[in-house]
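The structure appears right after this line, and notes come after that.
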Amino acid sequence: MYRSFGQTPALQGASLSVASGEIVAIMGPSGSGKSTLLHCLAGIFEPDRGEVWFEGQRLDGLGETKRTQLRRTAFGFVFQFGQLVPELSAADNIALPLLLNRVSRKAAYKDAASWLQRLGLDELGARRTGELSGGQAQRVALARALVTEPRVLFADEPTGSLDSLTGEMVLDLLVGVAREEGTTVVLVTHDARVAAYAGRAVMVRDGRVTTPSDVVAR
Amino acid sequence: MLSRATGPDRKRYVITDLGVSEVEAWLTEPVEPEPHLQTVLFAKVVLALMLGRSAERYLDTQRAAHLQRMRELTEIKRTGSLVDALLADHGLFHLEADLRWIDVTSARLQVLTEMVRAS
């Protein structure tokens, strides 16, 4: 894939395959193109050149409406700062994607309650997300991403704003749930300790994916 | 012995073809990820540059070995007791420090290459 922003090339022939159920970390220095790669894979950006395929369907070239629908139903997203709606409660935030997908209110809030319990947030459903700690808010963001049972979870520095122990707790939950549900995870991080939660890591350098030689297949 | 230089008796040596192969193999093999191996990594990078080899490739290879070891320790943390987690963390922090050195060195390779080859 190739993608530029104005005169600035972000991806210059990046190529990546991810198997179903795999947890892959995309690493690289700041400005290497790793977030752009994630955004292209998730159908948020269209590459200037190249192809993106998901379950036998080509994503690039789909209209925005169809890509939006795919993002709502097949993909989940967790970003560094959660991007929750601070005026809404934790339960409201988690139920929101289901409501947007025209799930009934009763079913949506039942699922939200289930996820609150699963992620250790039972008592916090009614609290506004603006009142939660960083770790609690990020767990709500994770629940919101997973409530639609996405096939792929895209996470861009999901623990970047958290302290070490809280970050590890969030990652433990993310990886644990992904493994239980068979969810594919594409995780962008500059942090090796975060990448170590993935089954495989690839490096992005100057807009290209480089994969270290498989010296550990012993 | 190739030649006798002036002054006291000296022996001069050149590396054999077998020696070249062994150096190549040594450069290619990653060092077992463990604490305090920075001096070996440093030696490999400098030697690779002096021999005109791709130090970046060796750093990438070492990075992969480190990440694999970090994955193993992370799994121990996730599934083991608190004591296991503390021990694993000790290893993880050291490996992380090595990886930071690898990343910084990788970023400086061009300048380092010019310095080594100019000396």
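Same order as they appear, the protein sequences are chains A and B.
Residue numbering for the first sequence follows this note's numbering, beginning at 5 and increasing consecutively.
Residue numbering for the second sequence follows this note's numbering, beginning at 18 and increasing consecutively.
Just so it is clear, CB atoms sit at the ideal spot from N, CA and C, and this is done for glycine as well.
(message) Strictly below 8 Å CB to CB, what residues from chain A border B/A91?
(response) Residue 91 of chain B is actually Thr in this sequence, not Ala. Neighbours of B/T91 in chain A, taken as residues at a C-beta separation under 8 Å, are given in chain order as R197, A200 and Y201.
(request) Give the single residue among A/R7, A/A18, A/L45 and A/T12 whose Cα lies nearest to the Cα of A/T215. (result) A/A18
(request) Grab me the residues of B/E131's own chain with a C-beta within less than 6 Å of its C-beta, minus the 5 sequence neighbours each way, in chain order. (result) For B/E131, where only same-chain residues beyond five positions count, there are no Cβ hits under 6 Å.
(message) Any beta carbon of chain A sitting closer than 8 Å to that of B/D26?
(response) no
(request) Could you tell me which residues DSSP pairs with A/I48 in its beta bridges? (result) Answer by DSSP bridge pairing: none, since A/I48 is not bridged.
(request) Have a look at B/S136, B/A124 and B/A135 and flag the residue whose alpha-carbon is nearest the alpha-carbon of B/R74. (result) Residue B/A124 is the option with its Cα nearest to B/R74.
(request) Output the boundary residues of the beta strand (DSSP E) element that contains A/A224. (result) Only positions 5 to 222 of chain A appear in the structure, and residue 224 of chain A is not among them; the question remains open.
(message) To the nearest angstrom, how far is the alpha carbon of A/I48 from that of A/A117?
(response) 29 Å
(request) Go to A/T12, then tell me how far its alpha helix (DSSP H) extends in each direction, as first and last residue. (result) Run containing A/T12: none in the alpha helix (DSSP H); it sits in the beta strand (DSSP E), T12 to Q16.
(request) Check whether the segment 92–102 of chain B touches the segment 23–42 of chain B, counting contact only when three or more Cβ pairs, one atom from each stretch, lie closer than 8 Å. (result) no
(request) Identify the contact partners of B/L84 in chain A, using a Cβ-Cβ distance below 7 Å as the criterion. (result) A196, A199, A200 and A205
(request) Note the first and the last residue of the continuous alpha helix (DSSP H) segment covering A/P6. (result) A small fix is needed here, since residue 6 of chain A is Tyr in this sequence, not Pro. Not the alpha helix (DSSP H): A/Y6 falls in the beta strand (DSSP E), residues Y6 to F9.
(request) Just the C-alpha distance for B/E49 and A/L45, rounded to the nearest angstrom, thanks. (result) 35 Å
(message) I want to see whether chain A comes within less than 8 Å of B/L44, judged by CB atoms only; does it?
(response) Output row for B/L44: interface = no.
(request) Return the bridge partner residues of A/F83 from the DSSP annotation. (result) A/D160
(request) State yes or no: is the beta carbon of B/L19 nearer than 8 Å to at least one beta carbon in chain A? (result) The predicted model places B/L19 with a pLDDT of 48, which falls under 50 and marks its position as unreliable; any figure quoted below should be read in that light. It does not: the Cβ of B/L19 has no partner Cβ on chain A nearer than 8 Å.
(request) Use the C-beta contact count for A/A94: other C-beta atoms within 10 angstroms, 16 or more gives buried, fewer gives exposed. (result) buried
(request) Could you tell me whether the Cβ atoms of A/A199 and B/L84 are closer together than 8 Å? (result) yes
(request) Give every residue of the same chain whose Cβ lies closer than 6 Å to the Cβ of A/V179, excluding the five residues on either side of it in the sequence, and list them in chain order. (result) Within the same chain, Y201 come within 6 Å of A/V179 by CB-CB distance, once the 5 residues on both sides are set aside.
(message) Just verifying my parser: in three-state terms, what is the DSSP assignment at A/V28?
(response) strand
(request) Give the interface partners of B/D101 over in chain A, defined as CB-CB distance under 9 Å, in chain order. (result) Going along chain A, no residue has its Cβ under 9 Å from B/D101, so there is no contact; the nearest lies around 14 Å.
(message) Which residue marks the beginning of the beta strand (DSSP E) containing A/G191, and which one marks its end?
(response) Before going on, a small fix: residue 191 of chain A reads as Leu here, not Gly. First-last of the beta strand (DSSP E) with A/L191: T188 to V192.
(message) Just to check my reading of the structure: A/L146 and A/L191 have Cβ atoms closer than 8 Å, yes? What is that Cβ distance to the nearest angstrom?
(response) That belief does not hold up - the Cβ atoms of A/L146 and A/L191 are roughly 12 Å apart, past 8 Å.
(request) Report yes or no: is there a C-beta of chain A within less than 8 Å of the C-beta of B/E49? (result) Using a CB distance cut-off of 8 Å, B/E49 does not count as an interface residue toward chain A.
(request) Starting from the C-beta of A/F83, find all residues in its chain whose C-beta is less than 7 Å away, skip the five residues before and the five after it, and write them out in chain order. (result) D160
(request) Specify the secondary structure class of A/S93 as computed by DSSP and reduced to three states. (result) A/S93 sits in a strand when the DSSP states are folded into three classes.
(request) Name, please, each residue of chain A whose Cβ falls closer than 9 Å to the Cβ of B/L109. (result) A196, R197 and A200
(request) Residues of the segment 169–186 of chain A with a CB closer than 7 Å to any CB of chain B: list them in chain order, please. (result) D176
(message) Tell me the rounded alpha-carbon separation between A/F79 and A/T152.
(response) Distance between the alpha carbons of A/F79 and A/T152 is about 8 Å.
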